[in-house]
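Colleague:
Protein chains in written order, with this note's numbering: chain V, 25 to 272; chain R, 362 to 620.
(1) Give, in chain order, every residue of the stretch 484 to 517 of chain R whose Cβ lies closer than 7 Å to some Cβ of chain V.
(2) Pull the bridge partners of residue 234 (chain V) from the DSSP assignment, please.
(3) Smallest Cα separation from residue 52 (chain V): which of V:199, V:183 and V:61?
(4) If distances are taken between C-alpha atoms only, which option among R:506, R:587 and R:375 comes closest to residue 402 (chain R)?
(5) Note the first and the last residue of the continuous beta strand (DSSP E) segment covering residue 38 (chain V).
(6) With DSSP as the reference, label residue 186 (chain V) as helix, strand or coil.
(7) Less than 8 Å between the CB atoms is what I'm expecting for residue 166 (chain V) and residue 146 (chain V), so what's the real figure, rounded?
(8) Could you name the residues of chain R that residue 94 (chain V) contacts, counting a contact when the two beta carbons are closer than 9 Å?
(9) Residues of chain R with CB under 7 Å from residue 191 (chain V), in chain order?
(10) In terms of residues, what are the limits of the beta strand (DSSP E) holding residue 82 (chain V)?
(11) Quick one, which residues of the stretch 230 to 252 of chain V are near chain R if we go by CB-CB under 7 Å, in chain order?
(12) Does any C-beta atom of chain R lie closer than 8 Å to the C-beta of residue 182 (chain V)?
(13) Output yes or no for whether 8 Å exceeds the beta carbon distance between residue 590 (chain R) and residue 478 (chain R).
(14) Suppose the cutoff is 6 Å on Cβ atoms and the five residues either side in sequence are ignored; what does the same chain contact list for residue 246 (chain V) look like?
(15) What number of angstroms, rounded off, separates the C-alpha of residue 71 (chain V) from the C-alpha of residue 38 (chain V)?
(16) Which residues in chain R sit within 7 Å of residue 106 (chain V), going by Cβ to Cβ distance?
(17) Just list the residues that DSSP pairs residue 11 (chain V) with in beta bridges.
(18) Check whether the Cβ atoms of residue 531 (chain R) and residue 427 (chain R) lie closer than 8 Å to each other.
(19) Can you find the residues in the same chain that come closer than 6 Å, C-beta to C-beta, to residue 501 (chain R), ignoring five residues on each side of it along the sequence?
(20) Closer than 8 Å is the cut-off here; do at least three beta carbon pairs connect the stretch 413 to 424 of chain R with the stretch 458 to 467 of chain R?
(21) Could you tell me whether any Cβ in chain R is nearer than 8 Å to the Cβ of residue 110 (chain V)?
(22) Quick one: grab the DSSP three-state call for residue 379 (chain R).
(23) So, for residue 415 (chain R): in the same chain, excluding its five sequence neighbours on each side, which residues have a beta-carbon less than 7 Å away from its beta-carbon?
(24) In terms of alpha-carbon separation, which member of R:616, R:594 and R:544 lies closest to residue 560 (chain R)?
(25) Helix, strand or coil: which one does DSSP assign to residue 28 (chain V)?
(26) For residue 463 (chain R), does the three-state DSSP call read helix, strand or coil?
(27) Report all residues from its chain with a CB closer than 8 Å to the CB of residue 602 (chain R); omit the five preceding and five following residues, and keep chain order.
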């Protein structure tokens, strides 16, 4: 479904990704872990064509995204839904208008059908009846749920999650994890989650990829990653800092 | 190897190229006629209706000061009754469109850059793209259309009020004969002056929209990025208007056979 080959990306003189290669099969749940600033979000944005690589390829269902224009990418992006780190809700629109955004732009459905689909999606993310609220009236967890409802309303084949539990308390974070699993099972999506929350990674991932030193450093099932003897993987899994290393 | 010796020149030319590409993309999108009417109406309301007080005040006081200054010179050569004609021609072809556009660049150009810039730093532009929507279709086209529709109308209002205020000052403050004043104004003001002014307003509207959107969409990170984009949008749109105005005056004068 998703194939990344030798992806390289720099910002000015600073290289962020250097030869990243992996495959994600249809229906799989993959979690990409890595330290803050390791390029996880940049990698995720390459998968949906929000950023273009300096070299290397990203193939979605066999179609190479490299060199496609913004208008050609629109067609590919219809396969995707994406939940952003800060939810990225349109703050000038209500919750219902946010969730229905893709349908309204499409213009093929009647207002009644759109309203029904919005209500159904809000029900799925456990937030029924908040259609008329503005994003500014919602808490962080609620915003992420609305962002997810907006991303999945047209039942995409692939859903990308950028740090879905960052900034949330452990209980809300757990509920978001449950929601991700619910969406995966009900809509039968391929799921790609970028996170540094190891609890979340263990719960969601069928496979974990660890991004370290600008490339995929380790890959395996959650059990394999958590049992790994590799010092870099162990340090990340256990969340232990090294006093001799500068982190900031 | 760099093509240009000066990095600043290189960046400036690159920016200009991107601006032209954005304008091309916006015009191409406009020609597909897939317009978001609701957004367009809101933008016309924001650009047109909400700018009334600023534009009308500018028009009125410009007409008044122009009448006073012209009278002070014309009185020396006993051409008092030609004062309003100067106000009228000046307001129609130059001051009306230029001052209205500069005021709108300050109010609307800044707002566009700030709104789009904030959307960019909060990833709303990226979210738009993931929802299979081209930012130019959804954000740039309604703003461009609103400005090229509203600015000529605002200019017309400013010109009308400017001439009216100039006439009032001429008659009641400067003591110029109102009948001769009005006669000369009608005699010397032609349709070409008005066409020139409205054409300029139309083009200046396009400049404000494209520069505001370009600066907003290309905004740097954080609050500092939004602040810089907003300032640059106003400065570049204003400079663009003033420079374009000169060349537009020459081109339109040639086109209308007045040069």
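Even glycine gets a Cβ: it sits at the ideal position worked out from N, Cα and C.
Modeller: By the coordinates alone:
(1) Going along the stretch 484 to 517 of chain R in chain order, one finds 484, 485, 487, 488, 490, 491, 492, 493, 494 and 495 with a Cβ nearer than 7 Å to chain V.
(2) Your numbering for residue 234 (chain V) matches position 210 in the first chain. Beta-bridge pairing links residue 234 (chain V) to V:57 and V:242.
(3) By 1-based counting over the first chain, the position of residue 52 (chain V) is 28. The candidate whose alpha carbon is nearest that of residue 52 (chain V) is V:183.
(4) Start at 1 with the first residue of the second chain, and residue 402 (chain R) comes out as number 41. For residue 402 (chain R), the nearest C-alpha among the options comes from R:506.
(5) By one-based count along the first chain, residue 38 (chain V) stands at place 14. Counting along the chain, the beta strand (DSSP E) containing residue 38 (chain V) begins and ends at 38 to 48.
(6) Here residue 186 (chain V) corresponds to residue number 162 of the first chain, with the count starting at 1. Strand, per DSSP.
(7) As a working note, residue 166 (chain V) is residue 142 in the first chain. As a working note, residue 146 (chain V) is residue 122 in the first chain. Between residue 166 (chain V) and residue 146 (chain V) the beta-carbon gap is near 10 Å, outside 8 Å, which marks them as no contact.
(8) In the first chain, residue 94 (chain V) corresponds to position 70, counting from 1. Those are 386, 490, 495, 496 and 497, listed as they occur along chain R.
(9) As a first step, residue 191 (chain V) is located in the first chain; it is residue number 167 there, counting from the start. Ordered by position in chain R, no residue passes the 7 Å Cβ test against residue 191 (chain V), which lies about 14 Å from the chain.
(10) Locating residue 82 (chain V) in the first chain gives position 58, where the first residue counts as 1. Here the beta strand (DSSP E) through residue 82 (chain V) covers 79 to 84.
(11) Answer set for the stretch 230 to 252 of chain V: empty.
(12) Translated into positions along the first chain, residue 182 (chain V) becomes position 158. Interface criterion not met: the Cβ of residue 182 (chain V) is under 8 Å from no Cβ in chain R.
(13) Position 229 of the second chain, counted from the first residue, corresponds to residue 590 (chain R). Position 117 of the second chain, counted from the first residue, corresponds to residue 478 (chain R). Yes, Cβ-Cβ distance for residue 590 (chain R) and residue 478 (chain R) is below 8 Å.
(14) Indexing the first chain from 1 puts residue 246 (chain V) at position 222. Answer for residue 246 (chain V): 226, 229 and 232, listed in chain order.
(15) Your numbering for residue 71 (chain V) matches position 47 in the first chain. Your numbering for residue 38 (chain V) matches position 14 in the first chain. A direct Cα-to-Cα measurement between residue 71 (chain V) and residue 38 (chain V) gives close to 20 Å.
(16) Taking the first residue of the first chain as position 1, residue 106 (chain V) is located at position 82. Neighbours of residue 106 (chain V) in chain R, taken as residues at a C-beta separation under 7 Å, are given in chain order as 491.
(17) Outside the displayed range of chain V (25 to 272) lies residue 11 (chain V), so it cannot be described from this structure.
(18) Position 170 of the second chain, counted from the first residue, corresponds to residue 531 (chain R). Position 66 of the second chain, counted from the first residue, corresponds to residue 427 (chain R). Residue 427 (chain R) sits away from residue 531 (chain R), with the two beta carbons spaced by 8 Å or more.
(19) Residue numbering aside, residue 501 (chain R) sits at position 140 when the second chain is read from its first letter. Cβ neighbours of residue 501 (chain R) beyond the five flanking positions: 387 and 574.
(20) Contact between the stretch 413 to 424 of chain R and the stretch 458 to 467 of chain R is present, because at least three Cβ pairs lie under 8 Å.
(21) In the first chain, counting from the first residue as 1, residue 110 (chain V) sits at position 86. Yes, its Cβ sits closer than 8 Å to a Cβ of chain R.
(22) For the purposes of this step, residue 379 (chain R) is taken as residue 18 along the second chain, with counting starting at 1. Secondary structure at residue 379 (chain R): helix, using DSSP grouped into helix, strand and coil.
(23) Your numbering for residue 415 (chain R) matches position 54 in the second chain. Same-chain partners within the cutoff: 464 and 468.
(24) Along the second chain, one-based indexing puts residue 560 (chain R) at 199. When each option's Cα is compared against that of residue 560 (chain R), the closest is R:616.
(25) Taking the first residue of the first chain as position 1, residue 28 (chain V) is located at position 4. It is a strand residue.
(26) Counting from 1 along the second chain, the entry for residue 463 (chain R) is found at position 102. DSSP places residue 463 (chain R) in helix when its eight states are reduced to three.
(27) Indexing the second chain from 1 puts residue 602 (chain R) at position 241. 459, 462, 463, 466, 565, 568 and 569.
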